[in-house]
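Novice:
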Amino acid sequence: MKINPKTGIDQLIFGMKQKDVTAIYGNPDKQYKDEESNVIFLYNDKKLRLTFYEDENLKLGYMISSNPDLELFSEQIIGKQIDEVEKNITNKGIKSLEIENFDTVDNYFNESNWMIFQVEYKEVIRFELGATINDKDEFDWKFKG
1143 MKINPKTGID
1153 QLIFGMKQKD
1163 VTAIYGNPDK
1173 QYKDEESNVI
1183 FLYNDKKLRL
1193 TFYEDENLKL
1203 GYMISSNPDL
1213 ELFSEQIIGK
1223 QIDEVEKNIT
1233 NKGIKSLEIE
1243 NFDTVDNYFN
1253 ESNWMIFQVE
1263 YKEVIRFELG
1273 ATINDKDEFD
1283 WKFKG
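With the numbering used here applied, the sequence shown has no gaps in its numbers, which climb one by one up to 1287 at the end.
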């Protein structure tokens, strides 16, 4: 599953509606609303959680995955040492990972690409990708459908 910074993961593109996603992956294994009335889709086999923002006309705006097949710049990231992942992405021009500590987990965050590498014991265990914000302080939706 290829990670496309600022765009999405695999065939999923930020700005898609629920019907666009189900046309690709079928119905989710679980669907619910969070505390902000966003719609959440869970796909167990893909280890993928998708968030459709309620205040953005239910557009796909956030993806979380722990799928071992996730690839960023042709390199798998889940299960890899964060130092190795950081070196790879730095070589591809992504810089400035801010580190936030939460008990045993550290989040390595890159704001310009809205990426979070969740790390435990120096190993990437989860990846998060969000739709980015443009110069007008609006979401930069990539899906044109």
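Here a beta-carbon is modelled for each residue, glycine too, at the ideal position from N, C-alpha and C.
Roughly how many angstroms separate the alpha carbons of ALA1165 and GLY1235, rounded to a whole number?
Specialist: About 34 Å.
Novice: Name the residue from THR1246, SER1179, GLU1213, PHE1244 whose alpha carbon lies nearest to the alpha carbon of ILE1231.
Specialist: Checking every option, the nearest Cα to that of ILE1231 belongs to GLU1213.
Novice: Would you say ASN1243 lies against chain B (beta-carbon separation less than 8 Å)?
Specialist: Looking at the structure shown, chain B is missing, and only one protein chain is on hand.
Novice: Drop a sphere of 10 angstroms on the beta-carbon of GLN1223, count the other beta-carbons inside from all chains shown, and report buried for 16 or more, exposed for fewer.
Specialist: Exposed, because fewer than 16 other Cβ atoms sit within 10 Å of the Cβ of GLN1223.
Novice: Is the beta carbon of MET1257 less than 8 Å from the beta carbon of LEU1202?
Specialist: Not a contact, by the Cβ cut-off of 8 Å.
Novice: Going by C-alpha to C-alpha distance, which of PHE1251, ILE1220, THR1193, ASN1233 sits closest to ASN1180?
Specialist: Nearest C-alpha to ASN1180: THR1193.
Novice: Threshold first: 3 residues or longer. Then list the beta strand (DSSP E) segments lying entirely within the region 1154-1189, N to C.
Specialist: Runs of the beta strand (DSSP E) inside the region 1154-1189: 1172-1175, 1181-1185.
Novice: For ASP1248, name the three-state secondary structure that DSSP assigns.
Specialist: The answer is strand: DSSP assigns ASP1248 an E or B state.
Novice: Just to confirm my understanding: we take THR1149, look at its own chain, exclude 5 residues before and 5 after, and list those with CB closer than 8 Å. What are they?
Specialist: Contacts found: ILE1155, PHE1156, LYS1284.
Novice: Could you please give the first and the last residue of the uninterrupted beta strand (DSSP E) stretch that includes ILE1267?
Specialist: From DSSP, the beta strand (DSSP E) with ILE1267 extends over 1265-1272.
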